[in-house]
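**Q** Let me give you the structure first, and then I'll get to my questions.
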Amino acid sequence: MTNYKKKNIDIIINHAKVYGFIFKSSEIYNGIKSIYDYGPNGIEMKNNIKNFWWDYMVKYRDNIVGVDTSILMNNKVWDASGHKKNFYEYFIINYYNKKIYILEELLNFILYKINNKNNIKINNIKINNIKIKFLKLFKKKKIKKLNIFFKKKIIKYNLSKILKWDKIKKINLMFKTKINSFKKKEYTYLRPETAQGIFVNFKNIKNSNRMKIPFGIAQIGKSFRNEIISKQFIFRIKEFEQMEMQFFIFPGEEKKWYKYWIKSRLEWHYFLNLGKNKYRIKDHKNLSHYTTFATDIEFKFFDSFKELEGIHFRKDFDLKNHQKLSKKNLKYFDIKSNKKFFPYVIETSLGLDRIFYSIFYSSIKIQKINNKKRIYLKLPFFISPIKIAILPLIKKGKIINISKKIFNNLKYKYYIVYDDKDSIGKRYRRQDAIGTPYCITIDNKSVINKTVTIRNRDTMKQINYKIKNINKYFKKNFDISNFFKKKII
Ligand code: ATP
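Quick note on the numbering used here: the sequence shown kicks off at 1 and runs consecutively.
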């Protein structure tokens with residue numbers, strides 16, 4: 001069996017389009033860069049991922065509640081959050097190929113080049129020194145010095161094709177938008193993270209739901225970042241969804257909860273059963289302005305590990321700054337100790353589109369059967385857009401009646417489809433390609449013996465099953481609570 005990972009990304013993009021998962025936004029006008037739409041199967045799969053996250057983070061716990069806050073917020077939120085001042089991307093344009101490079105990524109590229117040039121083999125210590133120096137300048141935003149440093153290194157190692165560079169520039173990644181066309185100065189931003197909606201509602205949520213520390217607030221919603229460089233399909237896009245949770249804790253307990261959330265989030269990922277070896281934990285070196293320490297859960301896309309989810313210790317950065325600017329008291333009062341303080345915060349932040357991509361990419365499988373290619377999506381059943389396809393073999397008589405009856409019986413429990421177009425082989429192939437775990441075929445035997453054929457997507461094994469027991473069969477096979485009950489941390 002071959003995985004699509006050995007092939008190129010175009011195959012994944014094509015599969016997503018042909019089978020109604022993901023389309024380029026405004027495609028009839030040649031699209032818009034780094035923005036995508038989800039099709040009929042895409043939205044079902046996306047909703048299933050959301051539910052899986054929400055159930056695990058909110059529903060199965062008694063100390064986390066959910067919210068849905070607005071995308072547009074008071075302009076001052078972005079002063080307090082530090083995004084106006086700090087949410088910049090540093091980039092540089094190359095004269096030779098006219099390409100834009102993100103500064104940090106370029107450094108890695110240059111170091112790689114230096115290290116691999118035949119005539120200049122540099123040892124790891126030297127490479128590390130260059131990197132450390134660069135990161136220091138980068139962190140302190142010493143752009144002038146960075147420019148000099150860059151030129152010196154490039155000239156020194158004569159990296160011919162990447163010789164000529166423009167000056168380093170920076171750009172804020174937030175989308176600015178006018179609030180009111182009459183007043184010129186009234187503007188705000190599309191939120192670049194969902195977290196701020198949680199922080200500004202901290203008091204409302206705590207009071208209305210009588211929450212006591214430690215407790216969490218979860219949210220799923222759109223975020224917008226005017227990314228300079230789009231990457232790999234829906235991996236880095238300008239309009240995306242985040243599934244974030246802010247966990248408010250007593251100061252001093254941050255190490256314990258930080259460890260807890262790394263473990264718990266990893267467990268959630270493992271439930272997807274995509275292979276534990278596909279995940280890696282990595283400390284985030286280049287910290288964003290609001291984090292004290294941070295870890296990424298990385299996933300192996302093609303040949304390299306990339307960030308999937310961030311676990312961040314935000315300390316009391318956000319609540320403190322919001323109190324300062326809003327002049328509203330956002331401190332927490334602890335009855336036991338009779339003390340008022342700013343709770344510390346551990347954040348878990350996962351990109352919905354990114355996790356969608358990781359599942360979709362890992363699940364596409366190709367098989368050769370009798371010299372014919374079979375493509376199927378080996379999705380976990382709770383993520384599959386459609387759970388069961390009802391496929392009558394012939395479009396007439398009692399077969400139709402039985403098929404409709406089964407359809408009407410199951411449709412209130414699972415998302416199922418009824419398909420009587422094309423040959424049975426073609427119908428199986430279509431369901432395989434969109435990841436439907438089971439197909440039910442109804443034929444003459446169903447009329448005589450009161451049985452149907454249930455076909456398994458992964459094994460292609462077919463079993464005869466009594467119609468009257470169908471409910472039992474799917475109840476057993478689609479029971480997610482069983483493996484959640486076993487362990488949830
Ligand atoms: P990256 O380094 O990949 O830009 P980040 O460290 O800026 O990500 P965070 O601000 O920590 O990301 O956001 C949390 C999560 O939101 C990320 O782990 C990722 O899953 C998702 N995310 C961030 N930016 C994008 C984007 N442009 N497109 C899709 N998902 C994104």
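Just so it is clear, CB atoms sit at the ideal spot from N, CA and C, and this is done for glycine as well.
Taking C-alpha atoms, which residue in Asp283, Gly252, Phe317 lies nearest to glutamine 246?
**A** Closest option to glutamine 246, Cα to Cα, is Phe317.
**Q** Would you decide whether arginine 457 is buried or exposed? Buried here means 16 or more other CB atoms lie within 10 Å of its CB.
**A** Buried, because 16 or more other Cβ atoms sit within 10 Å of the Cβ of arginine 457.
**Q** Along the chain, which unbroken stretches of the beta strand (DSSP E) at least 3 residues long are found entirely within the segment 375-431?
**A** With a minimum length of 3 residues, the continuous beta strand (DSSP E) runs that stay inside the segment 375-431 are 388-392, 416-418.
**Q** Rounded to the nearest angstrom, what separates asparagine 30 and arginine 374 at their Cα positions?
**A** Approximately 31 Å between the Cα atoms of the pair.
**Q** Along the alpha helix (DSSP H) that carries tyrosine 260, what are the first and last residues, could you check?
**A** Unbroken alpha helix (DSSP H) run through tyrosine 260: 254-271.
**Q** Given lysine 320, which residues of its chain have a CB within under 7 Å of its CB, disregarding the five upstream and five downstream residues?
**A** So the qualifying residues of the chain are Phe342.
**Q** For the segment 304-338, which segments carrying the beta strand (DSSP E) assignment without a break, of at least 3 residues, lie completely within its bounds, in sequence order?
**A** List check, beta strand (DSSP E) in window: 304-315, 332-334.
**Q** Rounded to the nearest angstrom, how far is the Cβ of phenylalanine 248 from that of phenylalanine 293, given a contact under 8 Å?
**A** Actually they are not in contact, since the Cβ atoms of phenylalanine 248 and phenylalanine 293 sit about 17 Å apart, beyond 8 Å.
**Q** Leucine 352 lies in the alpha helix (DSSP H); which residues open and close that run?
**A** Looking at the DSSP string, the run of the alpha helix (DSSP H) that includes leucine 352 is 352-363.
**Q** From the DSSP output, in three-state form, read off serine 208 for me.
**A** Here serine 208 sits in helix by DSSP.
**Q** Measure how close the beta-carbons of isoleucine 35 and isoleucine 311 come, nearest whole angstrom, since I'm counting them as under 8 Å.
**A** With 8 Å as the limit, isoleucine 35 and isoleucine 311 do not qualify as a contact, their Cβ atoms being about 28 Å apart.
**Q** Let me check understanding here. Comparing Cα to Cα, which of Lys33, Ser304, Tyr412, Thr348 lies closest to isoleucine 220?
**A** Minimum Cα distance to isoleucine 220 is reached at Thr348.
**Q** Compute the minimum distance between the beta carbon of serine 304 and the heavy atoms of the ligand ATP, and state whether it is under 7 Å.
**A** Not so, every heavy atom of the ligand ATP lies at least 7 Å from the Cβ.
**Q** State yes or no: is the C-beta of glutamine 462 within less than 8 Å of the C-beta of isoleucine 454?
**A** Yes, these two residues count as a Cβ contact at 8 Å.
**Q** Hey, is the segment 172-187 in contact with the segment 97-112, meaning 3+ C-beta pairs nearer than 8 Å?
**A** Segments in contact, no.
**Q** So what's leucine 72 in DSSP terms, helix, strand or just coil?
**A** Residue state, collapsed to three classes: strand.
**Q** Applying the 10 Å Cβ sphere with the 16-neighbour rule, what's the burial state of threonine 451?
**A** Buried is the call here.
**Q** Cβ atoms of leucine 391 and threonine 441: under 8 Å apart, would you say?
**A** In contact: threonine 441 and leucine 391 (Cβ atoms closer than 8 Å).
**Q** Taking 6 Å as the limit between beta carbons, can you name the residues of its chain near glutamine 196, skipping five residues before and five after?
**A** Once the five neighbours on either side are set aside, the close Cβ partners of glutamine 196 are Val77, Ser81.
**Q** Regarding aspartate 420 and the ligand ATP, is the C-beta to nearest heavy atom distance less than 7 Å?
**A** Aspartate 420 Cβ: outside cutoff for every heavy atom of the ligand ATP.
**Q** Does the beta-carbon of asparagine 119 have 16 or more other beta-carbons within 10 angstroms, so that it is buried, or is it exposed?
**A** With a pLDDT of 46 at asparagine 119, under the threshold of 50, the predicted position of this residue should be treated as unreliable, though the coordinate-derived value follows. The residue is exposed, with fewer than 16 neighbouring Cβ atoms inside 10 Å.
**Q** Can you tell me whether asparagine 41 is helix, strand or coil according to DSSP?
**A** DSSP places asparagine 41 in helix when its eight states are reduced to three.
**Q** Give me the Cβ distance between isoleucine 394 and phenylalanine 474, rounded to the nearest whole Å; I'm assuming they're in contact under 8 Å.
**A** The Cβ separation is near 24 Å, so there is no contact.
**Q** Quick one: what's glutamate 89 bridged to in DSSP?
**A** In DSSP, glutamate 89 forms a bridge with Ile171.
**Q** Check whether the Cβ atoms of leucine 325 and serine 358 lie closer than 8 Å to each other.
**A** For leucine 325 and serine 358, no; Cβs fall outside 8 Å.
**Q** Compute the Euclidean distance between the alpha carbons of lysine 5 and glycine 66, then round it to the nearest angstrom.
**A** Low per-residue confidence applies at lysine 5: pLDDT is 44, beneath 50, and the placement is therefore not dependable enough to give any value.
**Q** Between which two residues does the beta strand (DSSP E) containing phenylalanine 199 stretch?
**A** Looking at the DSSP string, phenylalanine 199 is not in any beta strand (DSSP E); the run it does join, the alpha helix (DSSP H), is 195-200.
**Q** Please tell me whether lysine 278 and serine 362 are closer than 8 Å, where the distance is taken between their beta carbons.
**A** Yes, Cβ-Cβ distance for lysine 278 and serine 362 is below 8 Å.
**Q** Straight-line CA distance for asparagine 3 to phenylalanine 299?
**A** Per-residue confidence for asparagine 3 stands at a pLDDT of 48, beneath the threshold of 50, marking its modelled position as unreliable; no derived number is given.
**Q** Among the residues of its own chain, which have a CB less than 7 Å from the CB of histidine 269, if the five just before and after it don't count?
**A** Excluding positions up to five away in sequence, the list reads Tyr279, Ile297.
**Q** Measuring CB to CB, does isoleucine 355 end up less than 8 Å from isoleucine 9?
**A** Not in contact: isoleucine 355 and isoleucine 9 (Cβ atoms no closer than 8 Å).
**Q** Using a Cβ-Cβ cutoff of less than 8 Å, which residues in the same chain neighbour glutamine 323 once the five nearest sequence positions on both sides are dropped?
**A** Hits under 8 Å: Asn329, Leu330, Lys331, Phe342.
**Q** With distances taken from CA atoms, which of Phe381, Ile32, Val18 is nearest arginine 430?
**A** Nearest of Phe381, Ile32, Val18 to arginine 430, Cα basis: Val18.
**Q** Between the Cα of isoleucine 179 and the Cα atoms of Lys142, Lys398, Asn74, which residue gives the shortest distance?
**A** Isoleucine 179 has its Cα closest to that of Asn74, out of Lys142, Lys398, Asn74.
**Q** Is glutamate 193 near the ligand ATP, with its Cβ less than 7 Å from a heavy atom?
**A** Checking every heavy atom of the ligand ATP against the Cβ of glutamate 193, one is found closer than 7 Å.
**Q** Taking the straight line between their C-alpha atoms, what separation do you get for lysine 263 and isoleucine 64?
**A** In a straight line, the C-alpha of lysine 263 is about 17 Å away from that of isoleucine 64.
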